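Residue numbering for the sequence shown follows the working numbering, beginning at 546 and increasing consecutively.
The structure appears below as structure tokens.
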Amino acid sequence: MKFKVNVDNRTFEVEVGDLYARPITVLVDGEAFEVWPEESMLAALSPAAAPAPTVAAAPRPGTGALRPVSAKTPAVPGRDRTKTVAAPIPGVIVSIAVQPGDSVTAGQELCVLEAMKMKNVIRAARAGEIAVVHVAVGQHVKHQDPLIEYAD
């Protein structure tokens with residue numbers, strides 16, 4: 546979806562990617578950002594009537610609402626991004642809710658990652674069967690480290 550957004554008398558061209566992907570990729574005047582909307586906001590939306598999420602122009606530190614995509618952090622070569630759930634931020638795994646062979650639905654909790662004293666629930670972006678859990682409780686992960694892998 547493409548929009549023209551006015552902020553402080555400036556107009557930006559904004560292109561919003563898949564609203565149900567995590568993160569949502571948003572292009573603002575050609576610059577890529579990752580958007581992490583509140584899960585409670587998406588739970589209230591039906592897939593047929595999902596408006597674009599509201600993105601703060603200057604989010605508070607630690608909210609994770611809007612973050613530039615680093616050109617220095619390329620996608621991991623050889624990893625199928627549709628099959629792998631990657632760490633959205635660096636942190637420590639505090640719980641794992643699935644194991645290989647489990648069937649999950651979109652939005653279901655997969656694990657919890659703690660970063661900067663905040664617990665972040667990592668949820669399934671799609672339904673499927675879990676093939677591999679790449680992490681363990683207490684493990685430190687970096688941005689984009691593989692957490693969970695789907696079988697299909």
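All C-beta atoms in this analysis are idealised placements derived from N, C-alpha and C, irrespective of residue type, glycine included.
Nothing here was measured: the structure is a model prediction, and the numbers come from that model.
On the premise that residue j lies in contact with residue i, defined as a C-beta separation below 8 Å, what is that separation, rounded to the nearest angstrom?
i	j	result
Glu654	Arg671	With a Cβ gap of about 14 Å, Glu654 and Arg671 do not count as contacting.
Leu658	Val686	7 Å
Ser640	Val682	6 Å
Which residue marks the beginning of the beta strand (DSSP E) containing residue i, and which one marks its end?
i	result
Gly673	Gly673 to Val678
Gly636	Gly636 to Ile641
Lys547	Lys547 to Val552
Leu572	Ile569 to Val573
DSSP puts residue i in a beta bridge; with which residues?
i	result
Arg668	Glu654
Pro691	Ala631
Val686	Gly636
Met663	Ala660
Ala577	Leu572
With hydrogens ignored, establish whether the beta-carbon of residue i is closer than 7 Å to any heavy atom of the ligand NAD.
i	result
Val649	Of ligands this structure carries none, so the ligand NAD is not represented either.
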